[in-house]
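J.: Just dropping this structure here.
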Amino acid sequence: MFTFSLLSIISINVIFLLVISFGIDFAITHAQESRENLIVVSEPGNYNITDGTDRSDIIVGNSMTNVIVGEESDDVLMGRQGNDELHGNPGNDILLGNLGADILFGNDGDDVLFGGAEEDYMNGGKGNDRLYGDLGDDVLEGGPGADYFDCGEGYDVIIDFRTQEKDVAQNNCEEIRTNV
Numbered sequence: 001m002f003t004f005s006l007l008s009i010i011s012i013n014v015i016f017l018l019v020i021s022f023g024i025d026f027a028i029t030h031a032q033e034s035r036e037n038l039i040v041v042s043e044p045g046n047y048n049i050t051d052g053t054d055r056s057d058i059i060v061g062n063s064m065t066n067v068i069v070g071e072e073s074d075d076v077l078m079g080r081q082g083n084d085e086l087h088g089n090p091g092n093d094i095l096l097g098n099l100g101a102d103i104l105f106g107n108d109g110d111d112v113l114f115g116g117a118e119e120d121y122m123n124g125g126k127g128n129d130r131l132y133g134d135l136g137d138d139v140l141e142g143g144p145g146a147d148y149f150d151c152g153e154g155y156d157v158i159i160d161f162r163t164q165e166k167d168v169a170q171n172n173c174e175e176i177r178t179n180v
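Below, the structure written as structure tokens:
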């Protein structure tokens, strides 16, 4: 682990998880706390990162299947090529599924969820969320709050669209299911 500072304005700890894995699955249950953390999984294997920190984290999975769970701050969680599951939890989080059929849960907070190239399921949870389907046949669920949906390419379905909460849908949404 090392710490660097950019003009003394931004200071984050960088934690590289370098593990000789031989395809073994790993569970990372607690990361070391600082003001902000960047956690990068760089070796093969399926990872369950079940706790970030109570600070703002940037957690990047590897090319395999990952389960990444943020904590109570504003986190950035990024899957990669595998079929990843990302949980934002409380805070205003950014979740990026990227490649693979991903499952994204924003939970509480005003979250931004980006699907990816394949069939993704996104649930913003409670808050004013922004969900972007991108490629693939996606399912987008906003939850309570004024949500924004951008379906992208593919056959995308919005469930629990609520006009009384001022939900907005744009771009190629093939099916919109209302919840009154």
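UniProt numbering applies: residue 1 is where the sequence shown begins, and numbers increase by one. Glycine residues also receive a C-beta, built at the ideal position from the N, C-alpha and C atoms. This structure is a prediction, so every number in the text was calculated from the model and none was measured.
Sorted by chain position, which residues of the same chain lie with C-beta nearer than 8 angstroms to GLY145's C-beta, five sequence neighbours on each side aside?
T.: ASP110, GLY124, LYS126, GLY127, ASN128, ASP129 and GLU165
J.: On the DSSP letters alone, give me the boundaries of the beta strand (DSSP E) that GLY116 sits inside.
T.: 112-116
J.: Alpha carbon to alpha carbon, how far is GLY115 from LEU135? Give it in angstroms, no decimals.
T.: 8 angstroms
J.: Look up GLN170 in the DSSP assignment and say whether it is helix, strand or coil.
T.: strand
J.: For THR65, which of helix, strand or coil comes out of DSSP?
T.: coil
J.: Going by the C-beta, is ASP160 closer than 7 angstroms to any heavy atom of the ligand HEM?
T.: Although the ligand HEM was asked about, the structure shown includes no ligands whatsoever.
J.: Since ASN98 is in the beta strand (DSSP E), which residue starts that stretch and which ends it?
T.: 94-98
J.: Comparing alpha-carbon positions, which option in ASN92, LEU95, GLY88 and LEU99 lies nearest ARG80?
T.: Looking from the CA of ARG80, the closest CA among ASN92, LEU95, GLY88 and LEU99 belongs to LEU99.
J.: Going by other Cβ atoms of all chains shown within 10 Å of its Cβ, with 16 needed for buried, is GLU174 buried or exposed?
T.: exposed
J.: Just confirm the distance between the C-beta atoms of ASP93 and LEU77, as a whole number of angstroms; I'd bet it's less than 8 angstroms.
T.: That pair is a contact at about 7 angstroms.
J.: Going by the DSSP bridge assignment, what does ASN123 pair with across the sheet?
T.: PHE105 and GLU141
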